[in-house]
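Asks: So in UniProt numbering the end of the sequence shown lands on 150, straight run, no missing numbers. The beta-carbon is built from N, C-alpha and C at its ideal position, and this holds for glycine as well.
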Amino acid sequence: MSKSPLPVTQEELHTLAEDLRVLVGKLRRRLREESHVGDFTPSQVQVLNLLEREGPATVTALARAHGMRPQSMGETLAALKAAGLVNGAPDPNDGRQTVLSLTPSFRKKVKASRAAREDWLYRTIQTRFTQAEQQQLATGVDLLKRLVDL
1 MSKSPLPVTQ EELHTLAEDL RVLVGKLRRR LREESHVGDF TPSQVQVLNL
51 LEREGPATVT ALARAHGMRP QSMGETLAAL KAAGLVNGAP DPNDGRQTVL
101 SLTPSFRKKV KASRAAREDW LYRTIQTRFT QAEQQQLATG VDLLKRLVDL
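1. Mind the definition here: the segment 130 to 149 touches the segment 46 to 57 only if three or more C-beta pairs lie below 8 Å; say whether that holds.
2. Out of 100, 133, 86 and 90, point me to the one whose CA is closest to residue 106's CA.
3. Spell out the partners DSSP gives residue 102 in its beta bridges.
4. Straight-line CA distance for residue 60 to residue 72?
5. Would you kindly report the start and end of the unbroken alpha helix (DSSP H) that includes residue 28?
6. Can you tell me which of the three DSSP states residue 127 falls into?
7. Near residue 31, which residues of its chain fall below 6 Å by C-beta distance, leaving aside the five closest residues on each side in sequence?
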C-alpha cells in the first residue's frame with residue numbers, strides 16, 4: 001500500500017479491505033488464546049453467544065435465529081447440555097417447549113473470560129502505544145463502529 005495518508009484509488013481501498021480483514025482475524029485468534037473458555041463448534045459458539053446476550057430461549061427460537069432446523073439445533077444443544085453449559089426448564093407458557101439458558105457456572109466462566117480478554121487488551125494498549133497512538137486507536141475504534149453499524 002502506498003504511503004499516502006488516505007486511500008484514494010480502488011486498488012488502495014481493496015488493499016485496505018484485505019489488510020483489515022487479515023488483521024481482524026489475527027486479533028480474534030489472539031483474543032481466543034486469552035479466552036480459556038473451551039473449544040466449541042461455530043454453531044455452539046453462536047448458541048452460547050445468543051443465550052448470553054438475549055437470555056433464555058426455546059429450541060425453536062434458537063433454531064430460527066440461526067437459520068437451522070429445530071432437530072439440528074437439538075443436536076447442538078445436547079452437546080452443550082452434556083458439557084454442563086446449558087440447562088433447560090419447562091416453558092411456563094407452553095408445556096411442550098423447554099426454555100434453555102446458560103448454567104450459572106458457565107456464566108461465571110464467560111465473565112472471567114471476557115475480563116481476561118479485556119485485561120490483555122488494556123495491558124497491551126497501555127504498554128505498546130504512546131498516548132498519541134492510544135488516541136489514534138480510539139479514533140480507529142469509532143470508525144470501526146461505523147463500519148459494522150451498516
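Replies: With the given structure in hand:
1. no
2. The sequence position of residue 106 within the sequence shown is 106, counting from 1. Considering only alpha carbons, the answer is 86.
3. Residue numbering aside, residue 102 sits at position 102 when the sequence shown is read from its first letter. According to DSSP, which records beta bridges pairwise, residue 102 is partnered with 86.
4. As a first step, residue 60 must be located in the sequence shown, where it is residue number 60. As a first step, residue 72 must be located in the sequence shown, where it is residue number 72. Spanning the two alpha carbons is a distance of roughly 10 Å.
5. Translated into positions along the sequence shown, residue 28 becomes position 28. Unbroken alpha helix (DSSP H) run through residue 28: 10 to 35.
6. If you number the sequence shown from 1, residue 127 lands on position 127. Three-state result, residue 127: helix.
7. In the sequence shown, the residue the question calls residue 31 occupies position 31. For residue 31, where only same-chain residues beyond five positions count, the Cβ hits under 6 Å are 117.
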